[in-house]
Each structure stands twice: as C-alpha cells, then as structure tokens.
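**Student:** To start, I am sharing the structure in question, which I have written as structure tokens.
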Ligand code: HPA
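Numbering (the working numbering), first residue to last: 373 to 646.
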C-alpha cells in the first residue's frame, strides 16, 4: 500500500460523496452493519467501487462506505471490515481507516464484538476501550515508513484519549446506555482463546479479548487521529463462560444489543463531529 493508492481512494471518496472533507469515521463491528443505511441523506458507495479497498468475503456483505451528515457535519461510516485472520495483509486491514483519515477524519470510532475477560463484565455490556495490548506480534507499520502518513516510531501513550471517552460516557447517559471501560487484548484468531490464554490476558491487564480493532487503531494513531474504541461483550471469554463459545452466541448477543448500540452512536456521533 503506497501513499498514492490511499490518496486515490480518498479522492474517490471526495468525488463520489461530493463532500470535500469528513470529520469523523466509524467502523461498524458485528451486528451493526446496516446502521447507516437508513440515516437521512446517506450516500452509499460499495467498497468495490473504491480503488484499493479490500472487499470483505462474507456472503452478502461486500462492504459499503456511507457518507452521512447528521446536523450538517459529514461522517464516514465504514460498514464491513476485513480481518487479519482471514489472511488479509495488514496494509489492507487498515486501508479503509487510513483512507478515512486522509479524508480529514481526526477522530476514528472503532466498534467490535469481544469476549469479556475482566471481573464484573457480562454479555451485553458496552465497554469503552481505555488501552490495548497487542498479543499477535503483528503490526501494520512494519515495513518502510512514509513520512507523509506519520512518524517511524509513533507514540502510543494515548491512543484512546480520555476526553473522547468522557464524551462517550455523557452520550451514554443521554441515551440511557451505561458504559464500562476496559483494556482490549488483540488475539489473531480465528480460533477463540483457550481458558489458559484468557487467564494470561487477564493477568496482563486485559478485560476484553478480540480479533480486530488494534491494527486499525495503530494505523489511525500513526496518522495523528484520535481513537474511540467501543466493544460489545458478546460472550464471557473461554473458561469464564460455563458453556463453549460459538459464533451463533456472538451474533445473537450482537443482535440483542443492537438498539442500545445504535442509540449510543446516535447520541454520540453528532457531538464528536461538532
Ligand atoms: N474472543 C475473541 N473474539 C471474540 C470473542 C471472544 O471471546 N467474542 C467475540 N469476538
């Protein structure tokens, strides 16, 4: 992935949306895919129409970029992400987020489904990511650095700044959706963790375990964007849950939590874009 490929994708977004800049980008995780489709004035662009964009292979969900403008401030909604466990190279995993930052998005909201490993978490909880732990040894910045994107050795002391979490807590209060906070550990997947791995993650300080978000957060921060991470606990992590994990359980909890998650985003996004 070169700077020119990203610049071409960003130019295509500007052309197709007719909006020269966007303020905030939101990546939708499991169960939230159609969130933007019904928003007033939504402009939908299939990923396949955007040069360089990876097209998710999940059946029936090729990936769509939406441009919406609640209260007049343009927001990009990225519906459909690709994961490292699917075999995508990391430059493709972070391509859409990098394009969004080039389109002007100074705030990137990353949502995901995660297993709950920390004390006091339950399925259905919405948790703001306070920090992350990268357990994969993979990093999207490996390789030559293009200084137009960011520095060779970017600081990661405040990937998920406290003021954005405060704004999310306030939006949660307005929407009647309480939010917790926790540390997210990135596992490669696609197998779920073993109970011993979950215990390891807990001892390292993790509350959430999942298979996404961290590469996108690193790439966004590399480019100077500020990140808000929101995990939906779809299940208690392996060994904490009394029953085996299943993708069906994950999807079902995501469906059940959908209206709370979208109420939170409805209350939050216009404020972030202000
Ligand atoms: N582990 C990893 N990823 C996940 C989980 C989990 O328990 N639940 C949803 N995504």
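For each residue, glycine too, the CB sits at the ideal point set by N, CA and C.
Could you tell me which of 426, 474, 459 sits nearest to residue 453, measuring between CA atoms?
**Tutor:** Translated into the one-based positions of the chain shown, residue 453 becomes position 81. When each option's Cα is compared against that of residue 453, the closest is 426.
**Student:** Below 8 Å, how does it come out for the region 586–606 and the region 489–509: are there three or more Cβ pairs, yes or no?
**Tutor:** These segments touch.
**Student:** Measuring only the C-alpha atoms, how far is residue 623 from residue 402?
**Tutor:** Taking the chain shown and counting its residues from 1, the one referred to as residue 623 is at position 251. Taking the chain shown and counting its residues from 1, the one referred to as residue 402 is at position 30. Computed Cα separation, rounded: 7 Å.
**Student:** Are residue 368 and residue 566 touching if we call contact CB-CB under 8 Å?
**Tutor:** The requested residue 368 does not occur in the structure, where the chain is confined to residues 373 to 646.
**Student:** Could you spell out the range, first to last residue, of the alpha helix (DSSP H) harbouring residue 465?
**Tutor:** As a position in the chain shown, residue 465 is number 93, starting the count at 1. First-last of the alpha helix (DSSP H) with residue 465: 462–465.
**Student:** One question on the structure: do residue 422 and residue 437 come within less than 8 Å of each other, judged by their Cβ atoms?
**Tutor:** Within the chain shown, numbered from 1, the residue matching residue 422 stands at position 50. Within the chain shown, numbered from 1, the residue matching residue 437 stands at position 65. Their beta carbons are under 8 Å apart, which means residue 422 touches residue 437 by this criterion.
**Student:** Any idea which residues DSSP pairs residue 438 with across the strands?
**Tutor:** What you label residue 438 is simply residue 66 of the chain shown in a count that begins at 1. According to DSSP, residue 438 bridges with 416, 449.
**Student:** Does the beta carbon of residue 402 come closer than 8 Å to any beta carbon on chain B?
**Tutor:** Included in the structure is just one protein chain, with no chain B present.
**Student:** Starting from the C-beta of residue 564, find all residues in its chain whose C-beta is less than 6 Å away, skip the five residues before and the five after it, and write them out in chain order.
**Tutor:** Translated into the one-based positions of the chain shown, residue 564 becomes position 192. Cβ within range, chain order: 610, 617.
**Student:** Counting pairs of Cβ atoms below 8 Å between the region 517–535 and the region 590–599, do you hit three or more?
**Tutor:** Contact holds: three or more Cβ-Cβ distances are below 8 Å.
**Student:** Going by the C-beta, is residue 556 closer than 7 Å to any heavy atom of the ligand HPA?
**Tutor:** Counting from one through the chain shown, the residue named residue 556 turns up at place 184. Flag unset: Cβ of residue 556 not near the ligand HPA.
**Student:** Determine which residues share a DSSP beta bridge with residue 397 and list them.
**Tutor:** Within the chain shown, residue 397 is the residue found at index 25, counting from 1. According to DSSP, residue 397 bridges with 448, 480.
**Student:** Compare the beta carbon distance of residue 504 and residue 583 with 8 Å and say whether it is the shorter of the two.
**Tutor:** For this step, residue 504 is matched to residue 132 along the chain shown. For this step, residue 583 is matched to residue 211 along the chain shown. Contact: no.
**Student:** Beta carbon of residue 606: closer than 7 Å to some heavy atom of the ligand HPA?
**Tutor:** Mapped onto the chain shown, residue 606 falls at position 234. Correct: residue 606 has its Cβ closer than 7 Å to the ligand HPA.
**Student:** Is the beta carbon of residue 405 within less than 7 Å of some heavy atom of the ligand HPA?
**Tutor:** Within the chain shown, residue 405 is the residue found at index 33, counting from 1. Every heavy atom of the ligand HPA is 7 Å or more from the Cβ of residue 405, so no.
**Student:** Output the residue ranges of the beta strand (DSSP E) runs that lie fully inside the region 564–603 and measure 3 residues or longer, sorted by chain position.
**Tutor:** If we require 3 residues or more, the beta strand (DSSP E) runs fully inside the region 564–603 come out as 580–582.
**Student:** What span of residues does the beta strand (DSSP E) with residue 362 cover, start to end?
**Tutor:** No answer is possible for residue 362: the residues shown for the chain start at 373 and end at 646.
**Student:** So, for residue 533: in the same chain, excluding its five sequence neighbours on each side, which residues have a beta-carbon less than 7 Å away from its beta-carbon?
**Tutor:** Residue numbering aside, residue 533 sits at position 161 when the chain shown is read from its first letter. Closer than 7 Å at the Cβ level, and outside the excluded window around residue 533, lie 598.
**Student:** So residue 630 is in the beta strand (DSSP E); what residue range does that whole segment cover?
**Tutor:** Taking the chain shown and counting its residues from 1, the one referred to as residue 630 is at position 258. Not the beta strand (DSSP E): residue 630 falls in the alpha helix (DSSP H), residues 619–645.
**Student:** As a quick exercise: from 507, 539, 521, pick the residue whose alpha carbon is nearest that of residue 572.
**Tutor:** Numbered from 1 along the chain shown, position 200 holds the residue referred to as residue 572. Closest by alpha carbon: 507.
**Student:** How would you call residue 560, buried or exposed, if buried means at least 16 neighbouring beta carbons within 10 angstroms?
**Tutor:** Sequence index remark: in the chain shown, residue 560 carries index 188 (1-based). Looking at its Cβ environment, which holds fewer than 16 other Cβ atoms inside 10 Å, residue 560 is exposed.
**Student:** Around the C-beta of residue 555, are 16 or more other C-beta atoms found within 10 angstroms, so that it is buried, or is it exposed?
**Tutor:** Here the question's residue 555 lines up with position 183 in the chain shown. Residue 555 comes out buried.
**Student:** Does the Cβ of residue 589 lie closer than 7 Å to at least one heavy atom of the ligand HPA?
**Tutor:** Mapped onto the chain shown, residue 589 falls at position 217. The answer is no for residue 589.
**Student:** Going by the CB atoms, is the gap between residue 394 and residue 451 shorter than 8 Å?
**Tutor:** Start at 1 with the first residue of the chain shown, and residue 451 comes out as number 79. Start at 1 with the first residue of the chain shown, and residue 394 comes out as number 22. No, the Cβ-Cβ distance between residue 451 and residue 394 is not below 8 Å.
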